[in-house]
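Report on the structure given below.
Numbering (this note's numbering), first residue to last: 21 to 239.
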């Protein structure tokens with residue numbers, strides 16, 4: 021039997037449907053690869069990410085960390101009071117960095133870099149002061165959106181990099197939903213990271229827009 025030829029318009033429709041299906045599958049695969057790439061951690065920290073995905077999937081609130089005593093800013097938490105010295109610096113800071121930023125003088129005081137099980141908690145205070153500008157410091161200065169997910173920990177001895185942990189929904193385990201950092205006010209924020217090996221006693225903290233702070237002790 022002679023095969024029936026489709027009319028030209030029908031052939032074009034069939035070809036268009038075939039192409040649309042291929043594009044749909046390709047876009048779906050690319051989207052899945054993109055999300056998997058965001059969730060994939062370096063081998064040095066992958067075990068910590070697995071732990072966080074399990075814990076936070078149980079219903080941890082956005083902006084809360086894994087220490088159980090979260091008081092470092094973020095959604096639904098109160099900002100703790102920091103004690104200032106006579107010169108305006110934060111007392112008992114583990115390390116401090118001061119840099120000019122667009123007419124402001126931005127001071128970051130590291131308050132804590134502490135372990136708990138497989139998690140390392142960083143807490144720091146942000147204090148912008150006017151040096152010509154009357155604007156506050158943008159909430160996106162330390163990361164994407166209104167988070168502090170851009171702050172990176174560096175182990176310069178073992179050549180490892182640690183970024184804030186994420187939930188199964190790709191949410192940063194850190195202070196989120198932040199407002200602007202107001203002038204002459206110290207705002208405390210936090211981020212949780214995979215804990216480095218026990219032998220690591222200090223790390224370098226790289227703050228976006230400010231630079232690195234070396235030799236911060238791990239407690």
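The C-beta atom is built at its ideal place from N, Cα and C for all residues, glycine as well. All of these numbers come straight from a predicted model, not from anything done at the bench.
Item                                                                                                                         : Value
Pairwise C-alpha distance: residue 156 and residue 166                                                                       : 14 angstroms
Own chain partners of residue 124 with C-beta closer than 7 angstroms, once the 5 adjacent residues on each side are dropped : 148, 149, 150, 151, 153 and 157
Counted within 10 angstroms of its Cβ, other Cβ atoms place residue 202 as buried (16 or more) or exposed                    : exposed
Rounded straight-line distance, which links the Cα of residue 216 to that of residue 161                                     : 26 angstroms
Identified DSSP bridge partners for residue 129                                                                              : 116 and 145
With 16 other Cβ atoms within 10 Å as the buried cut-off, status of residue 93                                               : Interpretation of residue 93 is limited by its pLDDT of 42, a score under 50 that renders its predicted location unreliable; no figure is taken from the coordinates.
Cβ separation of residue 135 and residue 233, assumed to be a contact under 8 angstroms, to the nearest whole Å              : Between residue 233 and residue 135 the Cβ distance is about 18 angstroms, and since that is not below 8 angstroms, they are no contact.
Distance between residue 126 and residue 206 (C-alpha atoms, nearest Å)                                                      : 10 angstroms
Per DSSP, the bridge partner or partners of residue 124                                                                      : 121 and 150
Test: residue 162 CB closer than 8 angstroms to a CB of chain D                                                              : As a matter of chain content, chain D is missing from the structure shown, which is built from one protein chain.
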